[in-house]
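Asker: Heads up, the sequence shown is in my numbering, so the first residue is 294 and it goes up one at a time.
Glycine included, C-beta positions come from ideal geometry on N, C-alpha and C.
Since this is a predicted model, take the numbers as computed values, not measurements.
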Amino acid sequence: MEHKVNSEKSSSELISKLEHPKNPIAIKYLNELTLKQRQDFFDSFDLILCDCDDVIWQTHHGLLPGSPEAIDYLKRQGKEVIYVTNNSLSPIDMLLKKFERFGIEVKKHEIVFPAQTICDYLKSIQFDGLIFCLTSEAFKSLLREAGFNLVDELVGYAENFQDFHPLINSDDPVKAVIIDTDLNLTVSKLIRAHGYLRKNPECLFIGGAGDTLNTVGGKDIIGPGTFMSILENTTQRKALVLGKPGVGLRDFIMDKHKIKNARRCLFIGDSIVSDIRFAKVCGFQSLLVLTGTTTPEDLKSKLTETDTPDYVSECLGDLNGFLS
Numbered sequence: 294m295e296h297k298v299n300s301e302k303s304s305s306e307l308i309s310k311l312e313h314p315k316n317p318i319a320i321k322y323l324n325e326l327t328l329k330q331r332q333d334f335f336d337s338f339d340l341i342l343c344d345c346d347d348v349i350w351q352t353h354h355g356l357l358p359g360s361p362e363a364i365d366y367l368k369r370q371g372k373e374v375i376y377v378t379n380n381s382l383s384p385i386d387m388l389l390k391k392f393e394r395f396g397i398e399v400k401k402h403e404i405v406f407p408a409q410t411i412c413d414y415l416k417s418i419q420f421d422g423l424i425f426c427l428t429s430e431a432f433k434s435l436l437r438e439a440g441f442n443l444v445d446e447l448v449g450y451a452e453n454f455q456d457f458h459p460l461i462n463s464d465d466p467v468k469a470v471i472i473d474t475d476l477n478l479t480v481s482k483l484i485r486a487h488g489y490l491r492k493n494p495e496c497l498f499i500g501g502a503g504d505t506l507n508t509v510g511g512k513d514i515i516g517p518g519t520f521m522s523i524l525e526n527t528t529q530r531k532a533l534v535l536g537k538p539g540v541g542l543r544d545f546i547m548d549k550h551k552i553k554n555a556r557r558c559l560f561i562g563d564s565i566v567s568d569i570r571f572a573k574v575c576g577f578q579s580l581l582v583l584t585g586t587t588t589p590e591d592l593k594s595k596l597t598e599t600d601t602p603d604y605v606s607e608c609l610g611d612l613n614g615f616l617s
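(1) Pick out the complete alpha helix (DSSP H) segments inside the segment 533 to 584, 4 residues or longer, and give them in chain order.
(2) Taking the alpha carbon of A555 as the point to measure from, which residue in Y322, V574, K390 has its own alpha carbon closest?
(3) List the endpoints of the continuous beta strand (DSSP E) containing E373.
(4) At which residues does the beta strand (DSSP E) containing L342 begin and terminate?
(5) Does K315 pass the burial test, meaning 16 or more other C-beta atoms within 10 Å, or should it be called exposed?
(6) For C426, report the span of its alpha helix (DSSP H) as first-last.
(7) Determine, for Q419, whether the minimum Cβ-Cβ distance to residues of chain B falls below 8 Å.
(8) Name the one or two DSSP bridge partners that G355 has.
(9) Here's the rule I'm using: 16 or more other beta-carbon atoms within 10 Å means buried, otherwise exposed. How should D456 be labelled?
(10) Could you compute how far the alpha carbon of V377 sits from the alpha carbon of F392?
(11) Name the residue from G536, L435, I349 whose alpha carbon lies nearest to the alpha carbon of T505.
(12) For the segment 457 to 475 and the segment 414 to 433, state whether three or more C-beta atom pairs, one from each stretch, are separated by less than 8 Å.
(13) Can you tell me whether Q330 is buried or exposed, with buried defined as 16 or more other CB within 10 angstroms of its CB?
(14) Could you check whether I472 and L427 sit closer than 8 Å to each other, using their CB atoms as the reference points?
(15) Buried or exposed, going by whether 16 or more other CB atoms sit within 10 Å of the CB of E607?
(16) On the premise that I561 lies in contact with V348, defined as a C-beta separation below 8 Å, what is that separation, rounded to the nearest angstrom?
(17) If we count Cβ pairs, one from each stretch, closer than 8 Å, do we get three or more for the segment 426 to 442 versus the segment 403 to 418?
(18) Three-state secondary structure (DSSP) at P317?
(19) Which residue wins for smallest C-alpha separation from Q332, given the options V399, P538, W350, Q370?
(20) What are the uninterrupted segments assigned as beta strand (DSSP E) that are 3 or more residues long and contained completely in the segment 435 to 473, given in chain order?
(21) Can you look up D603 in the DSSP assignment and give me helix, strand or coil?
(22) According to the neighbour-count rule (16 or more other Cβ atoms, all chains shown, within 10 Å of its Cβ), is P494 buried or exposed?
(23) F498 by DSSP, collapsed to three states: which one?
(24) I'd like the span of the alpha helix (DSSP H) that includes K368, first residue to last.
(25) By the 10 Å Cβ neighbour count, where 16 or more other Cβ atoms means buried, how is F454 classified, buried or exposed?
(26) Locate the alpha helix (DSSP H) running through K390, then write down its first and last residues.
(27) Mapping DSSP to helix, strand and coil, what is V405?
(28) Cβ atoms of T479 and E381: under 8 Å apart, would you say?
(29) According to the Cβ coordinates, are N379 and S567 closer than 8 Å?
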């Protein structure tokens with residue numbers, strides 16, 4: 294989250310860094326566009342889907358300079374902005390207060406996050422049954438408030454298999470397993486989830502955030518997508534992923550926001566895996582900002598055709614006064 298771009302480097306130097314030996318097409322760097330190219334870019338989209346962490350703010354450093362001004366400018370130019378985050382660790386009310394504290398006006402329905410998309414999905418299929426969650430407490434609270442029933446977790450410490458057995462076995466008639474970010478995830482929880490999915494082929498398998506790696510405090514940590522993959526591999530089942538970069542989330546967004554032409558949407562994010570790949574899956578245009586997990590060096594060494602963003606900018610603030 295703390296990667297910074299060297300402001301002394303020219304834009305042309307950054308463009309050079311963004312060329313990949315297997316993909317000779319240089320990414321368009323916003324600050325290098327002519328006024329005509331800027332106008333064409335700006336006229337090419339109506340709806341903006343914007344990530345939050347490391348795009349608008351950073352966890353350990355607060356608001357990224359220029360972000361509120363850029364969002365306000367985009368709205369004044371007639372662009373619709375919605376926010377797409379993989380973060381379901383905090384209640385939605387806390388997230389709304391965070392936006393308010395940073396001077397960004399946003400309504401609840403304009404925020405897309407795994408806990409809410411999964412809750413909405415369960416409502417849409419009229420789900421009725423027990424749910425086993427590998428998620429945050431805020432995620433579980435949202436489901437309970439919506440009227441869904443969750444399995445109570447057994448808490449315990451095991452030194453041997455005799456103690457371990459009651460932690461991983463359950464006769465509860467679970468009909469859905471949901472996995473997202475769970476900061477208190479344990480081996481026993483994973484094994485129990487595996488058991489529910491193997492025991493009942495009709496048990497729903499739903500995933501939230503699909504990140505395999507997250508960056509916290511400048512350090513990479515294993516993301517929920519890694520644990521989701523463990524369950525997929527051991528159960529030989531694929532999760533319906535309703536967080537980035539899942540196809541399920543694409544369908545949800547396209548339907549909820551009545552999107553007719555995906556190319557008229559611009560997705561702004563900081564992650565090649567979670568954001569740019571998701572934009573590609575959806576058919577959206579993509580803008581990668583270099584205020585988070587991706588650096589110019591990362592792009593040079595890791596970029597593939599399916600990961601190539603349409604545009605790159607140093608920060609979201611670059612869009613403030615973009616046509617001036």
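Answerer: Answer, in terms of the structure:
(1) Scanning the segment 533 to 584 from its first residue to its last, the whole alpha helix (DSSP H) runs of 4-plus residues come out as 540 to 549, 570 to 575.
(2) Mapped onto the sequence shown, residue 555 falls at position 262. That would be V574, whose Cα lies nearest to the Cα of A555.
(3) By one-based count along the sequence shown, residue 373 stands at place 80. For E373, the enclosing beta strand (DSSP E) covers residues 373 to 377.
(4) As a first step, residue 342 must be located in the sequence shown, where it is residue number 49. Counted as a single uninterrupted DSSP element, the beta strand (DSSP E) harbouring L342 occupies residues 340 to 343.
(5) On the sequence shown, residue 315 is found 22 positions in, with the first residue counted as 1. In this prediction, K315 scores a pLDDT of 47, lower than 50, which makes its location untrustworthy; the coordinate-derived value is nonetheless stated afterwards. Looking at its Cβ environment, which holds fewer than 16 other Cβ atoms inside 10 Å, K315 is exposed.
(6) Position 133 of the sequence shown, counted from the first residue, corresponds to residue 426. For C426, there is no enclosing alpha helix (DSSP H); the residue is found in the beta strand (DSSP E) stretching over 423 to 427.
(7) Given the protein chain composition of this structure (a single chain), no chain B is represented.
(8) Locating residue 355 in the sequence shown gives position 62, counting from the first residue. Secondary-structure assignment with DSSP links G355 through a beta bridge to Q351.
(9) Start at 1 with the first residue of the sequence shown, and residue 456 comes out as number 163. With a 10 Å radius around the Cβ and a threshold of 16 neighbouring Cβ atoms, D456 comes out exposed.
(10) Position 84 of the sequence shown holds residue 377. Position 99 of the sequence shown holds residue 392. Roughly 13 Å separates the two Cα atoms.
(11) What you label residue 505 is simply residue 212 of the sequence shown in a count that begins at 1. Checked all of G536, L435, I349; the closest Cα to T505 is G536.
(12) The segment 457 to 475 and the segment 414 to 433 touch, with no fewer than 3 CB-CB distances between them shorter than 8 Å.
(13) Walking along the sequence shown from the start, residue 330 turns up at place 37. With fewer than 16 other CB atoms across the displayed protein chains lying within 10 angstroms of its CB, Q330 is exposed.
(14) Here residue 427 is taken as the residue at index 134 of the sequence shown, counted from 1. Here residue 472 is taken as the residue at index 179 of the sequence shown, counted from 1. Taking the C-beta atoms as reference points, I472 is found nearer than 8 Å to L427.
(15) The count along the sequence shown starts at 1 and reaches residue 607 at position 314. Buried, by the Cβ-count rule.
(16) As a first step, residue 348 is located in the sequence shown; it is residue number 55 there, counting from the start. As a first step, residue 561 is located in the sequence shown; it is residue number 268 there, counting from the start. That belief holds up - the Cβ atoms of V348 and I561 are roughly 6 Å apart, short of 8 Å.
(17) The segment 426 to 442 is in contact with the segment 403 to 418.
(18) In the sequence shown, the residue the question calls residue 317 occupies position 24. Caution is warranted here: a pLDDT of 48 is assigned to P317, below 50, making its placement in the model unreliable, and the coordinate value is therefore given only provisionally. Reduced to three states, the DSSP call for P317 is coil.
(19) Counted from its first residue, the sequence shown places residue 332 at position 39. Nearest option by C-alpha distance: Q370.
(20) List check, beta strand (DSSP E) in window: 467 to 472.
(21) Taking the first residue of the sequence shown as 1, we reach residue 603 at position 310. It is coil, neither helix nor strand.
(22) By 1-based counting over the sequence shown, the position of residue 494 is 201. P494 counts as exposed, since fewer than 16 other beta carbons sit within 10 angstroms of its beta carbon.
(23) Numbered from its first residue, the sequence shown carries residue 498 at position 205. Three-state DSSP puts F498 in a strand.
(24) Position 75 of the sequence shown holds residue 368. Its alpha helix (DSSP H) spans residues 360 to 369.
(25) Against the sequence shown, residue 454 aligns to sequence position 161. Around the beta carbon of F454, a 10 Å sphere encloses fewer than 16 other beta carbons of the protein chains shown; the residue is thus reported as exposed.
(26) Within the sequence shown, numbered from 1, the residue matching residue 390 stands at position 97. Judged by DSSP secondary structure, K390 falls within the alpha helix (DSSP H) whose first and last residues are 385 to 394.
(27) As a first step, residue 405 must be located in the sequence shown, where it is residue number 112. Annotated three-state conformation of V405 is strand, per DSSP.
(28) For the purposes of this step, residue 381 is identified with residue 88 of the sequence shown, where counting begins at 1. For the purposes of this step, residue 479 is identified with residue 186 of the sequence shown, where counting begins at 1. Per the sequence shown, residue 381 should be read as Ser rather than Glu. A distance of 8 Å or more separates the beta carbons of S381 and T479.
(29) Taking the sequence shown and counting its residues from 1, the one referred to as residue 379 is at position 86. Taking the sequence shown and counting its residues from 1, the one referred to as residue 567 is at position 274. Note that the C-beta distance between N379 and S567 is below 8 Å.
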